[in-house]
Structure formats: structure tokens, C-alpha cells
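All letters in the sequence shown, in the order written, are residues 141 to 353 by our numbering.
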Amino acid sequence: MELVLIRHGTSTRSRVGIWGRLYDAPLAEGFEEQLAETRAALESLEQPKVCSSPLLRCLETASFIFPQKAVRIIEEFRAYHSGLFEEKTEDFIREHNPEYVSLSYRDRFLRPNFDEESMEAQTSRVKRGILRVFGDGDPILAIVGHYSTINIIAHISSLNWETDTYADGVYDVAEGAFIRKTVDPVTVLAGIRDRIGRKKPDPPAREGTGGNA
Numbered sequence: 141m142e143l144v145l146i147r148h149g150t151s152t153r154s155r156v157g158i159w160g161r162l163y164d165a166p167l168a169e170g171f172e173e174q175l176a177e178t179r180a181a182l183e184s185l186e187q188p189k190v191c192s193s194p195l196l197r198c199l200e201t202a203s204f205i206f207p208q209k210a211v212r213i214i215e216e217f218r219a220y221h222s223g224l225f226e227e228k229t230e231d232f233i234r235e236h237n238p239e240y241v242s243l244s245y246r247d248r249f250l251r252p253n254f255d256e257e258s259m260e261a262q263t264s265r266v267k268r269g270i271l272r273v274f275g276d277g278d279p280i281l282a283i284v285g286h287y288s289t290i291n292i293i294a295h296i297s298s299l300n301w302e303t304d305t306y307a308d309g310v311y312d313v314a315e316g317a318f319i320r321k322t323v324d325p326v327t328v329l330a331g332i333r334d335r336i337g338r339k340k341p342d343p344p345a346r347e348g349t350g351g352n353a
């Protein structure tokens, strides 16, 4: 299977000033120009199955890049939850927790201190989404998502099961850009199920959780 992982275009979240990645902001003005190269590069894909995070910035990206395709929403591919800071503004955090702004993605999510959705929890959630879509037998699967989700899917698709390494940003896809990978979905799904079988089931995702996305 060819897997195409596309990061959404720039949204208005930062302009509004909300820190939380679940803030459902639309794409910023001028997104057509930002996404034009990706749209042109992928327009020759033959009959791709297109999936997306449920958040508006991803759905608008998917609709622009694949205007003639139906888009399947995968709830598990949403952005991460920013914990106690989800509904705070960036100005609030800079004033009250200035050291937090400079932390890396790894520092924030391997050992969360503010009830953020941890790397482990994010991975468990995304795995459930992978289980939903990798077994459909599609030769080409395009997923429009967030920085965090793309990173996790890319690692798992490469059969890297060391969850801690997912926070290192190896697959640092720019907003509006994409990566392509050749994937053996049968092996990926078997690996996920095998690891679920070795331990207690993943805890249910908390309602509304979810992203540097």
C-alpha cells in the first residue's frame, strides 16, 4: 500500500491566540497558494482513499487537495489535547508559565505536567484509527492530519514500536506538505494487535482529547 501523509495548511489558531490544538480553527487566508504544490503533486494519484482528522483545518485541506474525492473522517486522528492549557491563550501561558513555551514536543508529552495527552496516550488513540483504515485493502491511502498524528502513523508504518522515539520529531512535515511511504498494512496491523494482546487494553481516550498540529 502507498501511504500519503499530508499535514494540514496553516490555520487561524495562532492568529486568534488560542494555545490548545483542539481549537477548531479554519485555514488561514491564502491557503490555496500554500497547498497548490501539494495538490499538483498528488493529483495524479489513482483512486486514493482519503481520510482526515475531524478538525476543520484538516477537512478543508483534504477538500482542496482532493476536490473530487469523498473524505472519511477518522476521529482518532484528531490533534492532541493540551491539558490544562487547552482553552488558554498563548499570552496567558507566556505570562504565567513562560518556561513552558520553550519546551520541546518531547519534553511536553513524554512526561506531561499539565494533564496533556501523553505520547503514550496519543499513540494508543492513533493506533485505534490505524486499525480502522489499514485493513480496507486500498492500494493508496491518503491521510490528512496533524504534526503529532503524522509522526505516530509514520513511525508505526515503519514498524518502529519504541513509542518514546515518536516524540523526537523525525517526520517533521511542514504545514501543507506531505510524505509518501510504501507500507505493508498486514504486518502493521499484526504488530499493533500483537502488542495489544501482550498487555492490558489501551485506556479509553478521554472525551475531547486529542495536537503540534
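In this text, a Cβ means the ideal position worked out from N, Cα and C, and glycines have one as well.
Taking 8 Å as the threshold (C-beta atoms), are residue j and residue i in contact?
i, j, result
"Ile319", "Ala282", "no"
"Ser297", "Lys267", "no"
"Arg212", "Pro166", "no"
"Asp276", "Lys189", "yes"
"Leu195", "Ala219", "yes"
"Gly157", "Glu230", "yes"
"Thr201", "Val284", "yes"
"Tyr163", "Arg155", "no"
Smallest Cα separation from residue i: which of the options?
i, options, result
"Phe254", "Thr150, Ala176, Leu224", "Leu224"
"Ile270", "Phe217, Arg335, Arg155, Glu239", "Phe217"
"Ala181", "Ile146, Arg197, Tyr287", "Ile146"
"Leu299", "Asp334, Glu230, Ser288", "Asp334"
"Trp301", "Glu260, Gly285, Arg179", "Glu260"
"Met141", "Ile336, Ile332, Thr327", "Thr327"
"Glu226", "Gly170, Glu257, Arg251, Trp159", "Trp159"
"Gly316", "Tyr163, Val156, Glu186, Leu199", "Leu199"
"Pro325", "Pro279, Asn291, Ile292, Arg338", "Pro279"
"Ala314", "Leu329, Val273, Ser288", "Ser288"
"Glu215", "Arg272, Ile332, Ser154", "Arg272"
"Glu186", "Phe171, Phe206, Ala176", "Phe206"
"Arg179", "Arg153, His236, Ser193, Lys209", "Lys209"
Starting from residue i, trace the alpha helix (DSSP H) both ways and give me its first and last residue.
i, result
"Lys189", "Run containing Lys189: none in the alpha helix (DSSP H); it sits in the beta strand (DSSP E), 189 to 192."
"Phe249", "245 to 250"
"Glu200", "196 to 205"
"Pro166", "No alpha helix (DSSP H) holds Pro166; DSSP gives it neither H nor E."
Start and end of the beta strand (DSSP E) containing residue i?
i, result
"Ala282", "280 to 285"
"Leu224", "Segment: none, Leu224 is in no beta strand (DSSP E) and carries neither H nor E."
"Lys267", "Here Lys267 belongs to no beta strand (DSSP E); instead the alpha helix (DSSP H) covers 259 to 273."
"Val211", "211 to 213"
Cβ of residue i versus every heavy atom of the ligand SAM: is any distance shorter than 7 Å?
i, result
"Leu329", "This structure does not include the ligand SAM; it has no bound ligands of any sort."
Quick check on residue i - is its C-beta less than 8 Å from some C-beta in chain C?
i, result
"Ala202", "The chain inventory of the structure shown lacks chain C, comprising one protein chain alone."
Who pairs with residue i in a beta bridge, going by DSSP?
i, result
"Leu145", "Ile283, Ile319"
Any contact of the region 245 to 253 with the region 305 to 317, i.e. 3+ C-beta pairs under 8 Å? yes
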